[in-house]
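Since the structure comes first, as structure tokens, the remarks are kept for the end.
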Amino acid sequence: MLTDELSEQERALLELTATPAATLLGAVSMILRTTLFSEDPAAWVDMWAARPDLARLEWMDGPELADVVAHLAAKDYEGTIEGVPGLRVTSYDDHNAKLHWLGTTTPVTLHLTRQQS
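Sequential numbering from -6 applies to the sequence shown in my numbering.
As structure tokens, then:
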């Protein structure tokens, strides 16, 4: 029976899943929720945290990778931060990108992949 307090099992599961990578994916999904499902929607989207310091986002069709990277990478417009604060582009090409998030004490690597249909 569940009560108003966390059980030991729930607390242990939260410690495994509430990682810096999961926090980053939450920020990424907030930024991209309209981008990936706008005029040219993605056919599917999947994101997961492989480790506490590694996250991945993949989608098919929809926006080009360069557009997604531009939405996500932190930018300072006259004192206003847009994108995910602390997210820096390491490398990208037409289909894959690697970004580095400095938002926690343990930096997180984010891999983005746009699949072709």
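By construction, the Cβ of each residue, glycine as well, lies at the ideal position given by its N, Cα and C atoms.
Values in this document were obtained by computation on a predicted structure and should not be read as measured data.
Cβ-Cβ distances below 6 Å link A36 to M53 and D54 in the same chain, with the five nearest sequence neighbours on each side left out; the list follows chain order. With fewer than 16 other CB atoms across the displayed protein chains lying within 10 angstroms of its CB, L95 is exposed. For Q108, the uninterrupted beta strand (DSSP E) segment begins and ends at V101 to Q108. DSSP places S22 inside the alpha helix (DSSP H), whose first and last residues are P13 to L25. Judged by DSSP secondary structure, V82 falls within the beta strand (DSSP E) whose first and last residues are L80 to Y85.
Ranking A5, A48 and R107 by CA distance to the CA of P13 puts A48 first.
Per the coordinates, the alpha-carbon of D86 lies some 30 Å from the alpha-carbon of A11.
Contact between T97 and T16 holds: CB atoms are separated by about 7 Å, below the 8 Å threshold. Boundaries for T73: no alpha helix (DSSP H) harbours it, while the beta strand (DSSP E) harbouring it runs T73 to E75, taken from the DSSP string. Per DSSP, the unbroken alpha helix (DSSP H) holding A59 starts and ends at L58 to L65.
Taking the Cα positions, G76 is about 12 Å away from D60.
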